[in-house]
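Asker:
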Amino acid sequence: MIKKQRIAGRPTKIVRLPRCSGLPKTKALLMYHAQLKKHNRLGAGRFLSQRIISIGTDNSWFNAQIIPRNPAWVPVTNANYVWYSGNLSAENAVISTRFSLSQRRAILAASLFLSVDNYAVVIINGVPVVYDAPQNTPPFYNTGRTFNVRRFLRQGRNDIVIIAFNFGGPRSDAAPAGVAARLDIQLSSLRR
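Per the numbering used here, the sequence shown starts with residue 4, numbered consecutively.
Shown next, in the form of structure tokens:
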């Protein structure tokens, strides 16, 4: 935290958020919107109306291709490790999914489990939810993390974009990279 002197003599605190791989939030949001444009050409996505929903990364995610799980990575129930389908050796992967939730059900709870080697930005409906600083710490990505994302979801259409990064260069056998995510949503009973 940096203290900056104001003209009136009162110090003001400026909080600097971490930058992800030198990636400013504005660039991350530009990548998010570019991904949505591609989705718009493909169609509406999935409509989900059941009460308990689990959406895990797999080949159905846009730009995603399932890769073998590295033995050091945590197994993720109902999700596969994926990377950018256009280039499995890429330094980063931009993957996404679109789905619609019933207008007749309230969102009671929602969590996102994320395991990424090495770090990621996750944007849900235009809001950066996860914004990791660049790092190469195995305990950080080997165990995975869970985030409460209920307030970022909405009835109707939802978009999730994950920008995953491999620390130190292209993905290879010597420098593995992968991302697995699972979104668990609990909806209310149908409203009349």
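Glycine included, every Cβ here is placed at the ideal spot set by N, Cα and C.
Nothing here was measured: the structure is a model prediction, and the numbers come from that model.
Leaving out five residues on either side along the sequence, give the residues of the same chain with a beta carbon under 8 Å from the beta carbon of A67.
Answerer: Here residue 67 refers to the residue found at position 64 when the sequence shown is read from its first residue. Around A67: T60, D61, V85, W86, Y87, S88, A96, I98.
Asker: Does DSSP put L111 in a helix, a strand or coil?
Answerer: As a working note, residue 111 is residue 108 in the sequence shown. Strand at L111.
Asker: According to DSSP, simplified to helix, strand and coil, what is Y35?
Answerer: Here residue 35 is taken as the residue at index 32 of the sequence shown, counted from 1. In this structure, Y35 counts as helix in the three-state DSSP scheme.
Asker: With a Cβ-Cβ cutoff of 8 Å, do I165 and V152 count as a contact?
Answerer: Sequence index remark: in the sequence shown, residue 165 carries index 162 (1-based). Sequence index remark: in the sequence shown, residue 152 carries index 149 (1-based). No. Outside cutoff.
Asker: For I10, which residues of its own chain have a beta-carbon under 7 Å away from its beta-carbon, when the five flanking residues on both sides are left out?
Answerer: Residue 10 sits at position 7 when you count from the first residue of the sequence shown. Residue placement at I10 is poorly supported in this model, since its pLDDT is 42, which falls under 50; the coordinates are not used for a value here.
Asker: For the putative contact between G147 and L115, defined by C-beta atoms under 8 Å, what is the C-beta separation to the nearest angstrom?
Answerer: Here residue 147 refers to the residue found at position 144 when the sequence shown is read from its first residue. Here residue 115 refers to the residue found at position 112 when the sequence shown is read from its first residue. About 10 Å separates the two Cβ atoms, so there is no contact after all.
Asker: Check whether the Cβ atoms of I163 and T100 sit closer than 8 Å, and answer yes or no.
Answerer: Within the sequence shown, numbered from 1, the residue matching residue 163 stands at position 160. Within the sequence shown, numbered from 1, the residue matching residue 100 stands at position 97. Yes, they are a contact pair.
Asker: Is it buried or exposed for D120, if we count other Cβ within 10 angstroms and need 16 for buried?
Answerer: Here residue 120 corresponds to residue number 117 of the sequence shown, with the count starting at 1. The residue in question, D120, is buried, as its Cβ has 16 or more Cβ neighbours within 10 Å.
Asker: Between F168 and Y122, is the Cβ-Cβ spacing less than 8 Å?
Answerer: What you label residue 168 is simply residue 165 of the sequence shown in a count that begins at 1. What you label residue 122 is simply residue 119 of the sequence shown in a count that begins at 1. Going by C-beta atoms, F168 is nearer than 8 Å to Y122.
Asker: Please list, in chain order, all residues of the same chain as L39 whose beta carbon is under 7 Å from its beta carbon, the five residues on each side excluded.
Answerer: Residue mapping note: residue 39 aligns to position 36 of the sequence shown, counting from 1. Cβ within range, chain order: D162.
Asker: Quick one: grab the DSSP three-state call for T146.
Answerer: The residue you call residue 146 lines up with position 143 of the sequence shown. Reduced to three states, the DSSP call for T146 is coil.
Asker: I'd like to know whether the C-beta atoms of S103 and G159 end up nearer to each other than 8 Å.
Answerer: Reading the sequence shown from its first residue, position 100 is the one you call residue 103. Reading the sequence shown from its first residue, position 156 is the one you call residue 159. Yes; because the gap between Cβ atoms is below 8 Å, this pair is in contact.
Asker: Between the C-alpha atoms of I2 and I127, what's the straight-line distance to the nearest angstrom?
Answerer: What the structure shows of the chain is the stretch from 4 to 195, and residue 2 is not part of that stretch, so it cannot be assessed.
Asker: Considering only heavy atoms of the ligand PLP, does any lie closer than 7 Å to the CB of R185?
Answerer: Judged by which ligands are present, the structure shown has none, so any question about the ligand PLP falls away.
Asker: Whole angstroms is fine: what's the gap from N139's alpha carbon to F170's?
Answerer: The count along the sequence shown starts at 1 and reaches residue 139 at position 136. The count along the sequence shown starts at 1 and reaches residue 170 at position 167. Rounded to the nearest angstrom, the two C-alpha atoms are 6 Å apart.
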